[in-house]
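Right, one structure below, let's go through it.
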Amino acid sequence: MFVIAHVSDPHVDGSAERAERVARVTRYLRGLTRPVDVVLLCGDIVDSGRREDYEEVLALFAGTAPVLALPGNHDDPSALSAALGDEAGTSSDSPHRCVVLGGVRFVLLDTTVPGEVGGALGAEGLSWLDRTLADPGAGATPTVVATHHPPVPVGHPFVDGVALADSAPFGEVLSRHPAVVAVLVGHAHTAGASTVAGVPVLLGPGVASTLVLPFESRPGDDAVVTSEAPPALALHLLTGRHLTTHFRVLG
């Protein structure tokens, strides 16, 4: 069994409050009697792209498990890559990465668009994804695709308006590659599950805050997220090609 700790949207900003919310996650991980095999940070790791904030996050996760990370719209991909150093696993000029860890292939996509909240892969990114998933050297290796921007609607008009713009061609690419067992995403600040091209899409709950659905709002309250809810994470248990997900709220 291979265990993925799926962590998203910490939005670390130098404040003690955000650092403590991340620390709740890392304390939980260190308290497990069976360590997770990888921590997957699905974007918006920091709030304003500062190198020192990335270093703070990585210091908090030090000793929990190997860390894989991809950028969100609040991140600076260059600063994130510099902070990760040799852990970045990149060997080309592509902003996307493919890392094999413990017999599992992780395809980490950079869906950020400079100056935009929403995301896209574009023709070049979709072509890279198709080629990478088709790599004959990977064989039947179970593959996890990770993005920040969801390729599915989540049921909130704001979030759905800033999701992955090219979700339809993204699904077409996935449909050609049966090795993909799941798509893990962030951005929505909510635990959730959906599908794209028959592949499970699992939304990582927010560490910094939690999405408020329109029908959960009080009259006159137009908040998209609330920080009153405690941080949360997902644990994905992968056995062969079978994936089981558990969501944990860290009150």
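Residues 1 to 251 in the UniProt record's numbering are what the sequence shown spells out, letter by letter.
All C-beta atoms in this analysis are idealised placements derived from N, C-alpha and C, irrespective of residue type, glycine included.
This one's a predicted model, so the numbers in the text were calculated from it and none came from an experiment.
May I have the straight-line CA-CA distance separating leucine 108 from alanine 146, to the nearest angstrom? Counted from its first residue, the sequence shown places residue 108 at position 108. Counted from its first residue, the sequence shown places residue 146 at position 146. Taking the straight line from one Cα to the other gives about 5 Å.
Enclosing alpha helix (DSSP H) for phenylalanine 170 [first to last residue]: Position 170 of the sequence shown, counting from 1, holds the residue named residue 170. Start and end: 167-175.
Mind checking whether phenylalanine 247 and proline 205 have CB atoms under 9 Å apart? Here residue 247 is taken as the residue at index 247 of the sequence shown, counted from 1. Here residue 205 is taken as the residue at index 205 of the sequence shown, counted from 1. For phenylalanine 247 and proline 205, yes; Cβs fall inside 9 Å.
I'd like to know if the segment 165-172 and the segment 207-226 are in contact, where contact means that at least 3 CB-CB pairs between them fall below 8 Å. no
Excluding the 5 residues preceding and the 5 following valine 22 in the sequence, name in chain order all residues of the same chain whose CB lies nearer than 7 Å to its CB. The sequence position of residue 22 within the sequence shown is 22, counting from 1. Within the same chain, valine 22 has close Cβ partners Pro10, Val12, Val57, Leu60, Val207.
Does the beta-carbon of glycine 251 have 16 or more other beta-carbons within 10 angstroms, so that it is buried, or is it exposed? Walking along the sequence shown from the start, residue 251 turns up at place 251. Glycine 251 is exposed by the Cβ-count criterion.
Simplified DSSP assignment, three categories, for arginine 34: In the sequence shown, the residue the question calls residue 34 occupies position 34. The answer is coil: DSSP assigns arginine 34 none of H, G, I, E or B.
To the nearest angstrom, how far is the alpha carbon of glycine 49 from that of asparagine 73? As a first step, residue 49 must be located in the sequence shown, where it is residue number 49. As a first step, residue 73 must be located in the sequence shown, where it is residue number 73. Glycine 49 and asparagine 73: Cα-Cα distance of roughly 10 Å.
What separation, rounded to the nearest whole angstrom, lies between the Cα atoms of glycine 122 and valine 199? Counting from 1 along the sequence shown, the entry for residue 122 is found at position 122. Counting from 1 along the sequence shown, the entry for residue 199 is found at position 199. Answer to the nearest angstrom: the Cα atoms are 21 Å apart.
Beta bridge counterpart(s) of glycine 119 as assigned by DSSP: As a working note, residue 119 is residue 119 in the sequence shown. Partner(s): Thr112, Leu164.
Do the CB positions of leucine 133 and arginine 176 come within less than 9 Å of each other? Here residue 133 corresponds to residue number 133 of the sequence shown, with the count starting at 1. Here residue 176 corresponds to residue number 176 of the sequence shown, with the count starting at 1. Cβ atoms of leucine 133 and arginine 176: closer than 9 Å.
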